[in-house]
Structures are given as C-alpha cells and as structure tokens.
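Colleague:
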Amino acid sequence: MDRRSFLTKASVGGVAAAGAAALAAPAIAQDAPTVTWRVTSSFPKSLDTIFGAAETMSKYVSEATGGKFTLQVFPAGELVPGLEAADAVSAGTVEACHTASYYYWGKDPTYALGTTVPFGLNYRQMNAWLYYGGGIDLMNEFFNTQNLHYMPCGNTGAQMGGWYRKEINSLADLQGLKMRIGGFAGKVIEKLGVVPQQIAGGDIYPSLEKGTIDAAEWVGPYDDEKLGFQKVAPYYYYPGWWEGGPTLSTMVNLSKWNELPEAYQAVLSSACEAANSNMMASYDWKNPIALRSLVANGAQLRPFPQDVMVAAFEAAESTYAEISATNPAFKKIWESQKAFLADAYLWAQISEYNYDVFMMTQQQAGKL
Numbered sequence: 007m008d009r010r011s012f013l014t015k016a017s018v019g020g021v022a023a024a025g026a027a028a029l030a031a032p033a034i035a036q037d038a039p040t041v042t043w044r045v046t047s048s049f050p051k052s053l054d055t056i057f058g059a060a061e062t063m064s065k066y067v068s069e070a071t072g073g074k075f076t077l078q079v080f081p082a083g084e085l086v087p088g089l090e091a092a093d094a095v096s097a098g099t100v101e102a103c104h105t106a107s108y109y110y111w112g113k114d115p116t117y118a119l120g121t122t123v124p125f126g127l128n129y130r131q132m133n134a135w136l137y138y139g140g141g142i143d144l145m146n147e148f149f150n151t152q153n154l155h156y157m158p159c160g161n162t163g164a165q166m167g168g169w170y171r172k173e174i175n176s177l178a179d180l181q182g183l184k185m186r187i188g189g190f191a192g193k194v195i196e197k198l199g200v201v202p203q204q205i206a207g208g209d210i211y212p213s214l215e216k217g218t219i220d221a222a223e224w225v226g227p228y229d230d231e232k233l234g235f236q237k238v239a240p241y242y243y244y245p246g247w248w249e250g251g252p253t254l255s256t257m258v259n260l261s262k263w264n265e266l267p268e269a270y271q272a273v274l275s276s277a278c279e280a281a282n283s284n285m286m287a288s289y290d291w292k293n294p295i296a297l298r299s300l301v302a303n304g305a306q307l308r309p310f311p312q313d314v315m316v317a318a319f320e321a322a323e324s325t326y327a328e329i330s331a332t333n334p335a336f337k338k339i340w341e342s343q344k345a346f347l348a349d350a351y352l353w354a355q356i357s358e359y360n361y362d363v364f365m366m367t368q369q370q371a372g373k374l
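Just so we're aligned: the sequence shown equals residues 7 to 374 in my numbering.
Below, the structure written as structure tokens:
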C-alpha cells in the first residue's frame with residue numbers, strides 16, 4: 007500500500023472515529039478547500055534528519071489531499087528565529103511550526119514535558135503515553151492555554167551525553183565544568199556543579215577548540231559527526247540522561263486548527279504520526295554507521311560514572327518536586343508520565359531487556 011493511499015484512508019478513518027461522516031477517498035481532493043500554511047522550523051536544513059521530519063509530514067499531507075492542503079516548511083531564521091517558532095505560532099504570525107517544546111521551558115516548565123525531561127520517558131514509552139495514555143490530550147490541555155495545538159512529529163531516540171575535553175571519572179570532575187547544554191537540562195545539571203552555556207550549534211566547535219567551554223552535547227552520532235567534535239573533545243560519553251526520548255512536535259495556532267476542516271485535521275494528525283515513526287527509523291539506521299566512523303576517527307566512548315548518574319537522577323527528582331509545588335499543570339502531567347514509567351519498566355525488564363541483552367552478547371562475541 008503506498009503512503010498516499012495509507013494516509014488518505016487513515017484520515018478518513020480518523021474522521022469517522024471522531025463521529026463525522028466518512029468521506030470517500032477522492033472527495034478530499036475533489037471537494038475540499040485549498041489551504042496553504044507556512045511551517046517555521048526551529049532547525050537548520052543541515053540537521054537533515056530533524057528538519058526532514060517536517061518535510062516528510064508536509065509531503066504526506068500534500069499527497070493525501072491531492073495538493074489541496076499544502077504546508078510550506080521554512081528553516082530556522084528564514085521567517086522567525088528558531089527559538090521563537092512557537093511564540094510566532096501562538097501570536098498568529100505563522101500558522102504552524104516544527105519545534106521541540108522544551109525550548110520554551112523558561113516561559114513555563116510544563117512546555118518541556120511535551121519533548122522530554124531528564125530521566126523521563128524513552129522513545130517507545132513516550133509514544134505509548136502520548137497515543138494510548140492520554141498524553142496528547144493532557145499536553146493540549148496545557149498548550150491550548152498558550153493558543154497552540156500540539157501533535158508529536160519526530161524523535162531522535164536516546165541521545166548521547168556529549169563531548170568532553172577531559173575524562174569524567176567521578177562526580178568531582180564536573181565541578182566548574184563549562185558545558186554547552188540546552189534549556190531544562192541545564193537547570194538540573196547545574197546542581198551537579200556544571201556551569202551551563204547556551205551556544206548555537208555553529209559556535210560549539212570553535213568554543214571547544216579554544217577552551218572557552220570544556221564540554222558540549224549535541225544530538226547523537228549521525229548529527230555529531232558532521233561537526234567533527236572528536237578532533238577537539240575526544241571523550242564521547244553516554245547516555246544522554248537528559249534526553250531519553252525527545253519528541254519533536256508540530257504546533258498549530260489554535261484558531262487556525264479550529265478553522266481547519268475535520269478531514270484535514272485528521273490528515274495532518276496522521277501525517278505527523280507517520281513522520282514521528284519515520285524519523286526514528288532514519289536515526290536507527292544512520293547512527294550505527296556514524297558511530298563506527300567516529301570511533302575510527304578518534305572518538306573515545308565512555309559511560310558516565312555511576313555516582314554521576316545517581317546524583318543527576320536525584321537532582322532531577324528534587325527539581326520536579328520544586329516545580330510541582332507551585333505549578334499544577336506541570337505536576338499533573340509529570341505525575342502521569344512518572345506513573346507510566348514505573349509500569350513500562352516493570353514490563354520492559356521481563357522480555358525486551360533480556361532479549362536485547364542476550365543478542366548484545368552474541369554481537370560482542372562476533373556471532374552477528
């Protein structure tokens with residue numbers, strides 16, 4: 007079944023499930039209005055996998071509607087600065103954006119829960135919570151107060167813990183460390199003695215090279231390899247405990263969303279869900295290849311010491327308790343996510359974990 011056929015039928019099914027009259031597939035293209043929206047991305051084209059999720063979503067929407075509903079995707083800075091994408095959508099400057107909601111945690115920490123928080127849900131858990139655990143409705147209960155409609159649209163999977171000029175052998179080695187790290191994660195990691203730095207992607211390499219910063223996190227092997235960090239900060243740590251399953255999102259101006267025909271709402275929702283899966287598959291294919299290349303060119307893989315992981319987890323938990331004490335919206339959503347985490351890991355350790363561990367031992371033995 008081709009993508010256009012799938013998305014057309016998925017959109018029709020979504021409308022029927024919502025109680026609206028089912029539309030014959032050709033009716034979307036023949037009778038529906040022509041709608042053109044601009045989508046401002048928070049990402050540059052150089053991040054082809056991340057930026058590409060919005061292009062994939064746009065392609066699916068156009069194919070499913072016979073070109074009647076068009077989303078024009080613009081890279082960060084072309085319409086508005088990348089970190090102002092959601093603000094522009096909320097204000098009605100553009101109809102939609104493709105972004106990571108945690109970029110706006112400074113406005114309200116609840117924004118971060120739509121992407122990820124330290125020691126939060128991984129990719130599969132986030133999807134389960136969003137699509138089956140009422141997560142999308144919970145997030146939109148909050149985002150609607152910001153004049154936004156939220157739909158998951160992409161994920162990188164668990165990210166790496168960044169590049170370091172010197173080895174991290176214990177928690178003490180983090181004291182005074184100047185690290186490029188984004189947003190909410192910086193609020194947590196500074197409790198470990200790290201000095202967070204906000205630096206744009208293009209400035210990270212020279213900052214590491216000059217020693218202006220001591221460490222930097224970016225994404226993972228595929229994206230990191232393009233920037234050549236191993237040449238100036240060879241120690242590559244894992245895991246990125248602050249980004250266990252970061253979900254990107256398409257955010258739509260709430261008024262524009264409500265004006266959209268129900269069939270188009272269903273098409274757009276289905277396209278975002280498809281792009282969400284597509285982006286993760288792309289990373290799962292590309293990251294192993296890139297990791298081999300990075301190691302061959304000098305990257306030295308290191309796990310974070312256990313005392314760092316434990317201290318970071320405790321710092322995150324204390325941060326959530328502090329926020330929850332004064333922010334009911336954050337508290338409600340975080341408690342929902344955390345409750346699911348307990349059940350999800352209860353199940354994962356039984357089957358998936360044991361299967362994967364066994365297969366990893368076969369790989370290490372050279373049998374795969």
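Note that the Cβ used here is the ideal one computed from N, Cα and C, for glycine as well.
Can you tell me whether residue 186 is helix, strand or coil according to DSSP?
Modeller: Residue 186 falls in the strand class under three-state DSSP.
Colleague: Under DSSP, the beta strand (DSSP E) around residue 257 begins and ends at which residues?
Modeller: 253-259 is the extent of the beta strand (DSSP E) around residue 257.
Colleague: Determine which residues share a DSSP beta bridge with residue 159 and list them.
Modeller: None; residue 159 has no bridge partner.
Colleague: For residue 103, which residues does DSSP report across the bridge?
Modeller: Partner(s): 46 and 257.
Colleague: What residues are listed by DSSP as bridge partners for residue 168?
Modeller: In DSSP, residue 168 forms a bridge with 243.
Colleague: From the DSSP output, read off the bridge partner residues of residue 267.
Modeller: In DSSP, residue 267 forms no bridge with anything.
Colleague: Are the stretch 254-274 and the stretch 95-104 touching by the rule of at least three beta carbon pairs closer than 8 Å?
Modeller: Contact holds: three or more Cβ-Cβ distances are below 8 Å.
Colleague: Excluding sequence positions up to five away, which residues of its chain have a Cβ less than 7 Å from the Cβ of residue 6?
Modeller: Residue 6 cannot be examined here, being either before or after the span of the chain that is shown, 7 to 374.
Colleague: Give me the Cβ distance between residue 132 and residue 253, rounded to the nearest whole Å; I'm assuming they're in contact under 8 Å.
Modeller: At roughly 5 Å, the Cβ-Cβ gap stays under 8 Å, so residue 132 and residue 253 are in contact.
Colleague: In angstroms with no decimal places, state the Cα-to-Cα distance between residue 299 and residue 56.
Modeller: One C-alpha to the other measures close to 21 Å.
Colleague: State the start and end residues of the unbroken beta strand (DSSP E) segment that holds residue 76.
Modeller: Looking at the DSSP string, the run of the beta strand (DSSP E) that includes residue 76 is 75-80.
Colleague: Taking 8 Å as the threshold, find out whether the stretch 156-166 comes into contact with the stretch 277-295 through three or more Cβ pairs.
Modeller: Touching, yes, given that three or more Cβ pairs across the two stretches are closer than 8 Å.
Colleague: Helix, strand or coil for residue 370 per DSSP?
Modeller: Three-state result, residue 370: helix.
Colleague: Going by C-alpha distance, which of 151, 223 and 307 is nearest residue 185?
Modeller: Out of 151, 223 and 307, 223 has the C-alpha closest to the C-alpha of residue 185.
Colleague: The alpha helix (DSSP H) that contains residue 343, what's its start and end?
Modeller: Residue 343 -> alpha helix (DSSP H) spans 334-354.
Colleague: Looking at C-beta atoms only, is the number of pairs between the stretch 131-146 and the stretch 204-215 that lie closer than 8 Å three or more?
Modeller: No, the stretch 131-146 is not in contact with the stretch 204-215.
Colleague: Using 8 Å as the threshold, is the C-beta distance between residue 116 and residue 106 below it?
Modeller: Not a contact, by the Cβ cut-off of 8 Å.
Colleague: Closest by CA to residue 91, which one among 108, 46 and 70?
Modeller: Looking at the Cα atoms, 46 is the closest of the given residues.
Colleague: Report all residues from its chain with a CB closer than 7 Å to the CB of residue 340; omit the five preceding and five following residues, and keep chain order.
Modeller: Closer than 7 Å at Cβ, skipping near neighbours: 119, 326 and 330.
Colleague: Could you pull the DSSP bridge partners for residue 308 from this structure?
Modeller: BP columns for residue 308 point to 243.
Colleague: Buried or exposed for residue 216, please, with buried defined as at least 16 other CB atoms from any protein chain shown within 10 angstroms of its CB.
Modeller: The residue is exposed, with fewer than 16 neighbouring Cβ atoms inside 10 Å.
Colleague: What is the DSSP secondary structure of residue 86, reduced to helix, strand or coil?
Modeller: If DSSP states are grouped into helix, strand and coil, residue 86 belongs with coil.
Colleague: Less than 8 Å separating the beta-carbons of residue 157 and residue 230?
Modeller: Against a cut-off of 8 Å, the Cβ pair of residue 230 and residue 157 comes out as no contact.
Colleague: Do you know offhand how far residue 279's Cα is from residue 82's?
Modeller: Rounded to whole angstroms, residue 279 to residue 82 spans 22 Å at the Cα level.
Colleague: With distances taken between CB atoms, is the gap from residue 174 to residue 314 smaller than 8 Å?
Modeller: Their beta carbons are under 8 Å apart, which means residue 174 touches residue 314 by this criterion.
Colleague: Would you list, in sequence order, the uninterrupted beta strand (DSSP E) runs of no fewer than 3 residues that lie entirely inside the stretch 191-253?
Modeller: The qualifying runs are 201-203 and 241-244.
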